[in-house]
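Undergrad: Below is one structure. I have some questions about it.
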């Protein structure tokens, strides 16, 4: 498991990379909204989508790290499910850019991604119905492009398994909730699981999500055609693995 100083260094490294990538796409514009405005990427490009996804990765990873420190590992696990999907999204968009192969699935994904949440002055008046691209389709695409050394079927099943691993935490399934129960006398530990065996398991597992997130940033750098940045991320990943 990486030490805490390396986690902080990883977050700082990724945050700096977000700033670099952000500077390489057209900036968000002020768009009128009700009596004020909101910021939007008006061009709605695939590179702008990648920037937004990597920014959210850093934020979510920081939150998961904070929850882990305070023993709220059930909630940490929920964020790790989000991180899994964010990483998949970055791979999905970046590979299409790297291979110059933006498919109909990518176009549908981007259309849904950029769609506004509401199309009326109030949420209750809105008729908007966001089209969600099934996660299975994204995972099937990632399995099809290979690179893992696994056959397509095995790769697809692996991605599905990773996605399902933490679904019980997100949806509050009984087996996952019962991980909060124990002690002498046994009770539900509703203020975190510090000092329990479950805490150490989740503390160790957080390393995996730092690692996968750094990998996603490497894909993003490749998608931007920035070989120097990719080499820097690769060097940092080596250091992260070594430690």
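Residue numbers (this note's numbering): 26 to 268.
The C-beta atom is built at its ideal place from N, Cα and C for all residues, glycine as well.
It should be emphasised that the depicted structure is a prediction, and the values quoted were computed from it without experimental measurement.
In terms of alpha-carbon separation, which member of 195, 58, 220 lies closest to residue 207?
TA: Position 182 of the chain shown, counting from 1, holds the residue named residue 207. Of the candidates 195, 58, 220, the one whose C-alpha sits nearest the C-alpha of residue 207 is 220.
Undergrad: Determine the direct distance from the alpha carbon of residue 211 to that of residue 170, and round the result to whole angstroms.
TA: The count along the chain shown starts at 1 and reaches residue 170 at position 145. The count along the chain shown starts at 1 and reaches residue 211 at position 186. Cα-Cα distance, rounded: 48 Å.
Undergrad: So residue 166 and residue 130 are in contact, right, with Cβ under 8 Å, and what is the actual spacing, rounded?
TA: Walking along the chain shown from the start, residue 166 turns up at place 141. Walking along the chain shown from the start, residue 130 turns up at place 105. Contact holds; Cβ gap of about 6 Å.
Undergrad: Looking at the structure shown, is residue 113 part of a helix, part of a strand, or coil, going by DSSP?
TA: Numbered from its first residue, the chain shown carries residue 113 at position 88. In this structure, residue 113 counts as helix in the three-state DSSP scheme.
Undergrad: When the Cα atoms are used, what is the spatial distance from residue 204 to residue 246?
TA: Numbered from 1 along the chain shown, position 179 holds the residue referred to as residue 204. Numbered from 1 along the chain shown, position 221 holds the residue referred to as residue 246. Cα to Cα, residue 204 sits roughly 39 Å from residue 246.
Undergrad: Mark residue 216 as exposed unless 16 or more other C-beta atoms lie within 10 angstroms of its C-beta, in which case mark it buried.
TA: Translated into the one-based positions of the chain shown, residue 216 becomes position 191. When all chains shown are included, residue 216 counts as exposed.
Undergrad: Does DSSP put residue 173 in a helix, in a strand, or in coil?
TA: Sequence index remark: in the chain shown, residue 173 carries index 148 (1-based). Because the pLDDT at residue 173 is just 47, under 50, the model does not fix this residue reliably, and the point stays unresolved.
Undergrad: Alpha carbon to alpha carbon, how far is residue 164 from residue 189? Give it in angstroms, no decimals.
TA: As a working note, residue 189 is residue 164 in the chain shown. As a working note, residue 164 is residue 139 in the chain shown. About 12 Å.
Undergrad: Closest Cβ-Cβ distance between residue 55 and chain C: below 8 Å?
TA: Absent from the structure is chain C; it holds one protein chain and no more.
Undergrad: Considering only C-alpha positions, which residue in the set 265, 50, 110 is nearest to residue 162?
TA: Here residue 162 refers to the residue found at position 137 when the chain shown is read from its first residue. Among 265, 50, 110, the Cα nearest to that of residue 162 is on 110.
Undergrad: Does the pairing of the segment 79 to 88 with the segment 229 to 243 give three or more beta-carbon distances under 8 Å?
TA: yes
Undergrad: CB-CB under 8 Å to residue 64, same chain, minus the five flanking residues each way: which ones, in chain order?
TA: Taking the chain shown and counting its residues from 1, one reaches residue 64 at position 39. Excluding positions up to five away in sequence, the list reads 53, 54, 55, 56.
Undergrad: Provide the residue(s) that pair with residue 54 in DSSP beta bridges, ordered along the chain.
TA: Along the chain shown, read from residue 1 onward, the residue named residue 54 stands at position 29. BP columns for residue 54 point to 65.
Undergrad: Tell me whether residue 128 is buried or exposed, calling it buried when 16 or more other Cβ atoms sit within 10 Å of its Cβ.
TA: The sequence position of residue 128 within the chain shown is 103, counting from 1. Looking at its Cβ environment, which holds fewer than 16 other Cβ atoms inside 10 Å, residue 128 is exposed.
Undergrad: Can you check whether the CB of residue 261 is closer than 8 Å to the CB of residue 95?
TA: Position 70 of the chain shown holds residue 95. Position 236 of the chain shown holds residue 261. No, Cβ-Cβ distance for residue 95 and residue 261 is not below 8 Å.
Undergrad: May I ask you to list the residues that DSSP assigns as paired with residue 191?
TA: Locating residue 191 in the chain shown gives position 166, counting from the first residue. In the DSSP assignment, residue 191 is bridged to no other residue.
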